[in-house]
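full-length UniProt numbering puts the first residue of the sequence shown at 1, with every later residue one more than the last. Yeah, the Cβ is synthetic: ideal placement off N, Cα and C, and Gly gets one too.
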Amino acid sequence: MDLPDVRGKLTEGFDLSGVTWLRVGGPAEVLFQPADEDDLAAFLTALPDGVPVFPLGLGSNLIVRDGGIDGVVIRLGRGFNGIRIEGGRVIAGAAVPDAMVAKKAAAAGRDLTFLRTIPGAVGGAVRMNAGCYGSYVADHLVEVRAVTRAGAAVTIPAADLNLAYRHSDLPEGCVLVEAVFEAEAGDPDALAARMEEQVAKRDATQPTDKLSAGSTFRNPVGHSSTGRADDTHELKAWKVIDDAGLRGHRLGGAEMSQKHPNFLLNAKNATAEDLETLGELVREKVFQTSGIQLEWEIRRVGKTGRG
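What follows is the structure, encoded as structure tokens:
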């Protein structure tokens, strides 16, 4: 592949299994780690139109298939991990882990505590309208800055992203570089204590010591178009999986967690095919037992098989 000159790093045939939380997946045809936003914009401007681009965050909500990803995988790093607080607004680079945003904001007396237990980084949280404990990105996001596939820097108001339950309308190939959140004031000590409680609750109910990608399937009902959850009427994905008798079910090296059956685990040297096949089996069995069609929350990308 004929690639533009960069100030960052280009790596051909990069093994993506080492940078996803499930530790599976084939190679990226090319991995690009831009030095900064200007480097990213110049690269995308010069990159031939026919070359596909896939932005990769921390790999926390992702299955990369065993055949890998064609084109260019873009992974943001140091040039995109700043956090600054201006009054009630928290501005975070797309590569900043969600937990770090929550902690930095809390220390400054700003409440984004819902981000504390969400795996991954800011870019993925915006793309998926991530949420926890009744709060969603949609409740706090003001705007994002991004670089389009054509290399243009743009600012997109939150309203234009059409944020819904685990959904946003970021343009294809667009690389999010920064997000602006509005955060209410709060006592730093009280916010820190709340986050400690959230972490303890998460660790008690989820297999955080295992190789997983967070929740595997979306909750099937109980959500409005804004991404807010109605906890009174919400049906949980874990419950219908449990009712189908699939808690702890295994296929190859993949397993539905005993602790939380909506967590798909790499229990023992699983392949991406093991994980995806087990997930599809779960969808089939749940539909047979309850008539409910579960939808994947984990993104599945790339080619099947290995070349």
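Outcome for residue i when other beta-carbon atoms lying within 10 angstroms are tallied against a minimum of 16
i	result
Thr-226	Note that Thr-226 scores a pLDDT of 44, beneath 50, so its modelled location is shaky; the value from the coordinates is reported in the next line. Its Cβ having fewer than 16 others within 10 Å, Thr-226 is exposed.
Thr-205	exposed
Glu-37	buried
Gly-219	Contrary to the premise, residue 219 reads as Asn rather than Gly in this sequence. It is buried - the Cβ of Asn-219 has at least 16 other Cβ atoms within 10 Å.
Ala-254	buried
Val-221	exposed
Pro-97	buried
Val-154	exposed
Asp-2	exposed
Glu-172	exposed
Ala-193	exposed
Gly-245	exposed
Ala-158	buried
Leu-56	buried
Thr-304	exposed
Gly-50	exposed
Leu-235	exposed
Ala-107	exposed
Arg-78	exposed
Arg-84	exposed
Gly-131	buried
Expected contact under 8 Å - CB spacing of residue i and residue j to nearest Å
i	j	result
Val-73	Leu-44	Incorrect: roughly 13 Å between the Cβ atoms, too far for contact.
Leu-163	Thr-113	Rounded, the Cβ-Cβ distance is 19 Å, inconsistent with contact.
Ala-213	Ile-63	7 Å
Phe-54	Val-301	7 Å
Ala-121	Asn-129	In fact, because the Cβ distance is near 14 Å, the residues do not count as touching under 8 Å.
Cys-174	Arg-149	6 Å
Leu-76	Gly-123	7 Å
Asp-66	Glu-273	6 Å
Leu-176	Val-126	6 Å
Leu-251	Thr-277	6 Å
Ser-215	Ala-200	That pair is no contact at about 19 Å.
Tyr-136	Gln-198	In fact, because the Cβ distance is near 15 Å, the residues do not count as touching under 8 Å.
For residue i, the residue or residues it bridges with in DSSP
i	result
Gly-131	Tyr-136
Trp-296	Phe-217
Ala-92	Ile-83, Ala-179
Glu-184	Asp-111
Gly-68	Lys-303
Val-53	Val-72
Val-144	Ile-156, Ala-179
Asn-266	Ala-254
Ser-168	Note: Ser-168 sits in no beta bridge, so no partner.
Nonlocal neighbours in the same chain, by C-beta distance under 7 Å from residue i, ignoring five residues either side
i	result
Val-207	Here residue 207 is Pro; the residue named in the question, Val, does not match the sequence. Result list for Pro-207: Ser-257, Lys-259, His-260, Phe-263, Leu-265, in chain order.
Lys-268	Gly-253
Pro-27	Gly-13, Phe-14, Asp-15, Leu-16, Gly-68
Leu-211	Trp-21, Leu-22, Arg-23, Leu-265, Asn-266
Ile-156	Glu-143, Val-144, Ala-146
Asp-169	Leu-161, Asn-162
Thr-167	As written in the sequence, residue 167 is His, which differs from the Thr given in the question. Once the five neighbours on either side are set aside, the close Cβ partners of His-167 are Asn-129.
Phe-217	Ala-237, Asn-262, Leu-294, Glu-295, Trp-296, Glu-297
Coarse secondary structure for residue i, derived from DSSP in three states
i	result
Leu-16	helix
Ile-241	helix
Gln-198	helix
Met-256	strand
Val-6	coil
Arg-250	strand
Leu-40	helix
Ser-290	helix
Glu-29	strand
Ala-35	coil
Leu-235	strand
Ala-150	coil
Leu-47	coil
Leu-211	coil
Leu-191	helix
Thr-205	helix
Thr-11	strand
Leu-161	helix
Lys-285	helix
Met-1	coil
Leu-278	helix
Residues near residue i in its chain [Cβ-Cβ closer than 8 Å; skip 5 each side]
i	result
Asp-111	Ala-105, Ala-183, Glu-184, Ala-185, Gly-186, Leu-191
Val-6	Phe-32, Pro-34, Ala-35, Asp-39, Ala-42, Phe-43
Leu-275	Leu-22, Val-24, Ile-63, Ala-254, Leu-264, Asn-266
Cβ-based neighbour list, residue i, same chain, cut-off 6 Å, excluding 5 preceding and 5 following
i	result
Ala-102	Leu-112, Thr-113, Leu-115, Arg-116
Val-240	Val-286, Ser-290, Ile-292
Gly-59	Val-19, Thr-20, Trp-21
Gly-93	Phe-80, Asn-81, Gly-82, Glu-178
Ala-99	Arg-116
Met-195	Thr-113, Arg-116
Lys-9	Gln-33
Heavy atom of the ligand GDP within 6 Å of residue i beta-carbon
i	result
Asn-262	Looking at this structure, you won't find the ligand GDP or any other ligand, since it has none at all.
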